[in-house]
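*Asks:*
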Amino acid sequence: MSLSAEAVTGENVPEAIEEASFLGDSLRAFRKNRMAMAGLAFVMLLVLLAIFAPWVSPHDPYRVALNEQLLPASTTYWLGTDNFGRDVLTRILYGARVSLVVGIVPSLISLMIGTVLGILSGYFGNRTDFVVMRLADMMIAFPSLLLAMVVMYTMGANLLNIFLALALVGWAGVARVVRAQTLALKQKEFIEAARAGGTGRATIMLRHIFPNVIPTLIVLFSLSIPEAIMWESSLSFLGVGVQPPEASWGLLVAKGKEYLFQAPLVAISPGVAILLTVLAFNFIGDGLRDALDPSMKD
Numbered sequence: 001m002s003l004s005a006e007a008v009t010g011e012n013v014p015e016a017i018e019e020a021s022f023l024g025d026s027l028r029a030f031r032k033n034r035m036a037m038a039g040l041a042f043v044m045l046l047v048l049l050a051i052f053a054p055w056v057s058p059h060d061p062y063r064v065a066l067n068e069q070l071l072p073a074s075t076t077y078w079l080g081t082d083n084f085g086r087d088v089l090t091r092i093l094y095g096a097r098v099s100l101v102v103g104i105v106p107s108l109i110s111l112m113i114g115t116v117l118g119i120l121s122g123y124f125g126n127r128t129d130f131v132v133m134r135l136a137d138m139m140i141a142f143p144s145l146l147l148a149m150v151v152m153y154t155m156g157a158n159l160l161n162i163f164l165a166l167a168l169v170g171w172a173g174v175a176r177v178v179r180a181q182t183l184a185l186k187q188k189e190f191i192e193a194a195r196a197g198g199t200g201r202a203t204i205m206l207r208h209i210f211p212n213v214i215p216t217l218i219v220l221f222s223l224s225i226p227e228a229i230m231w232e233s234s235l236s237f238l239g240v241g242v243q244p245p246e247a248s249w250g251l252l253v254a255k256g257k258e259y260l261f262q263a264p265l266v267a268i269s270p271g272v273a274i275l276l277t278v279l280a281f282n283f284i285g286d287g288l289r290d291a292l293d294p295s296m297k298d
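Note that the UniProt record's numbering numbers the sequence shown so that position 270 is 270, with each residue one more than the last.
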């Protein structure tokens, strides 16, 4: 007696094939996007440089050498030195660690909060939807940077509080997007069939709705990272983010602007690093959006 492929694997074969085809098509579409691939290559290089910064640069990012203040670019100091005689390139590499961590961790936290609240709001509706959306409206009504500054001033300037501040200002936008998708999904035939079959609400949200919003979440995550990097740089520039002597791109720009005409590379170099990193992540996000959204494809 022969068994069908569905019986052997325990899966719905047509659905599995369709999912594999979608992922394959999306991956090929992403690879064809030159700007997205260039952005991905830059981010991968930046991650490697940040991880191996102690081995890439021979200089100590915290070493003070007052006799080497504001030196121009040379073979020893490729981007010159700052007002304390520290190598600017080394400080930028170590600052990449802060920027990448601050970009990823708060984005993940806000993504998780926004996803849970968005699905609950869209699926249950009524009072749940009203409460969640009014909270989201309150968060969106405040300027994000101003709200993050209030949190930092209240709780203190350190890396953990930066995570909390950026996660607090980022979840509302995710919740609104996920809610809109949930409202559309819960009217679909497969959701109605699951309800008719006696499937519980939690199972429907977890196994039927959540997988269908994952492509959107991937795009939102990739686009929220550069936004978080910009927020952290702005907070550090204003003095309520990362504190000296730690290396942060925003802090480097803030300190370097005082010597903009005497040693322009001290301020311009971290500014260029911020610009290139934000552009790279935006290119990746745009590429993922085009690849994962069927309506964007030719």
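Beta carbons: idealized from backbone N, C-alpha and C, even for Gly.
1. Using a Cβ distance threshold of 8 Å, determine whether the stretch 60-75 contacts the stretch 230-239, with at least three qualifying pairs required.
2. Which residue wins for smallest C-alpha separation from ALA158, given the options ALA247, LEU27 and THR216?
3. For PHE281, which residues in the same chain have their Cβ closer than 6 Å to its Cβ, ignoring the five residues on either side in sequence?
4. From GLN181 to VAL151, what does the alpha carbon distance come to, in whole angstroms?
5. Under the assumption that HIS208 contacts PHE221 (Cβ atoms under 8 Å), give the Cβ distance between them as a whole number of angstroms.
6. In angstroms with no decimal places, state the Cα-to-Cα distance between MET1 and PHE130.
7. Considering only C-alpha positions, which residue in the set ARG134, LEU265 and MET37 is nearest to GLY285?
8. Run through DSSP, which three-state label would PHE283 get?
9. Roughly how many whole angstroms lie between the Cα atoms of PRO245 and VAL43?
10. Can you tell me the Cβ-Cβ gap for ILE162 and ILE229, rounded? I've got them flagged as a contact below 8 Å.
11. Can you find at least 3 beta carbon pairs, one from the stretch 80-93 and one from the stretch 107-121, that sit closer than 8 Å?
12. For the stretch 132-147 against the stretch 205-219, are there 3 or more C-beta pairs whose distance is under 8 Å?
13. Let me check understanding here. Comparing Cα to Cα, which of LEU79, SER57 and ALA96 lies closest to PRO264?
14. Give every residue of the same chain whose Cβ lies closer than 6 Å to the Cβ of GLY287, excluding the five residues on either side of it in the sequence, and list them in chain order.
15. Would you report the Cα separation of SER4 and SER21, rounded to the nearest angstrom?
16. Please report the straight-line C-alpha distance between ASN126 and MET133, rounded to a whole angstrom.
17. Helix, strand or coil for ASP25, going by three-state DSSP, please let me know.
18. How long is the line joining the alpha carbons of MET149 and ALA96, rounded to whole angstroms?
19. For LEU120, which residues of its own chain have a beta-carbon under 8 Å away from its beta-carbon, when the five flanking residues on both sides are left out?
20. Considering only DSSP beta bridges, list what THR81 is partnered with.
21. Classify GLY118 as buried or exposed, calling it buried when 16 or more other Cβ atoms lie within 10 Å of its own Cβ.
22. Suppose only complete runs of 4+ residues qualify. What are the alpha helix (DSSP H) ranges in the stretch 124-173, listed by chain order?
23. Got a sec: is the Cβ-Cβ distance from ARG195 to anything in chain B below 8 Å?
24. Please say whether LYS188 and TYR123 have beta carbons closer to each other than 8 Å?
25. To the nearest angstrom, report how far apart VAL56 and GLU192 are at their CA atoms.
26. With a 10 Å radius around its C-beta and 16 neighbouring C-beta atoms as the bar for buried, classify TYR94 as buried or exposed.
27. With distances taken between CB atoms, is the gap from ALA175 to GLY103 smaller than 8 Å?
28. Once DSSP output is grouped into helix, strand and coil, what is the label at LYS32?
29. Buried or exposed: LEU48, going by 16 or more other Cβ atoms within 10 Å of its Cβ?
30. With the cut-off set at 8 Å, would you say ASP82 and LYS257 are in Cβ contact?
31. Confirm, please, whether the CB-CB distance from PRO106 to LEU166 is below 8 Å.
*Replies:* In short:
1. Segments in contact, no.
2. The amino acid occupying residue 158 in the given sequence is Asn; Ala does not appear at that position. Among ALA247, LEU27 and THR216, the Cα nearest to that of ASN158 belongs to ALA247.
3. ILE225 and PRO226.
4. Cα atoms of GLN181 and VAL151: separation of roughly 31 Å, rounded to the nearest angstrom.
5. Contact doesn't hold; Cβ gap of about 21 Å is too wide.
6. Legend: pLDDT at MET1 = 40, less than 50; position of this residue unreliable, value from coordinates given subsequently. When rounded, the distance between both Cα atoms is 56 Å.
7. For GLY285, the nearest C-alpha among the options comes from MET37.
8. Helix.
9. Cα to Cα, the separation comes out at about 25 Å.
10. 11 Å between Cβ atoms; not a contact.
11. Touching, no.
12. Counting Cβ pairs under 8 Å, fewer than three are found: no touch.
13. Comparing Cα-Cα distances from PRO264 to each of LEU79, SER57 and ALA96, the minimum goes to LEU79.
14. Cβ neighbours of GLY287 beyond the five flanking positions: PHE30, ASN33 and ALA36.
15. Because SER4 sits at a pLDDT of 42, beneath the cut-off of 50, its placement in the model cannot be relied upon, and the following sentence gives the value as read from the coordinates. CA-CA distance, SER4 to SER21, rounds to 21 Å.
16. Using only the alpha carbons, I get a separation of about 11 Å.
17. In this structure, ASP25 counts as helix in the three-state DSSP scheme.
18. A direct Cα-to-Cα measurement between MET149 and ALA96 gives close to 22 Å.
19. Only THR128, VAL132 and MET205 meet the Cβ criterion.
20. ASP87, per the DSSP bridge assignment.
21. With 16 or more Cβ atoms within 10 Å of its Cβ, GLY118 is classed as buried.
22. Qualifying alpha helix (DSSP H) stretches, in chain order: 126-141 and 144-155.
23. Protein chain content of the structure displayed is limited to a single chain, and chain B is not contained in it.
24. LYS188 sits away from TYR123, with the two beta carbons spaced by 8 Å or more.
25. In a straight line, the C-alpha of VAL56 is about 57 Å away from that of GLU192.
26. Flag for TYR94 reads buried.
27. No, they are not a contact pair.
28. LYS32 falls in the helix class under three-state DSSP.
29. Exposed, by the Cβ-count rule.
30. Contact flag unset, no.
31. For LEU166 and PRO106, yes; Cβs fall inside 8 Å.
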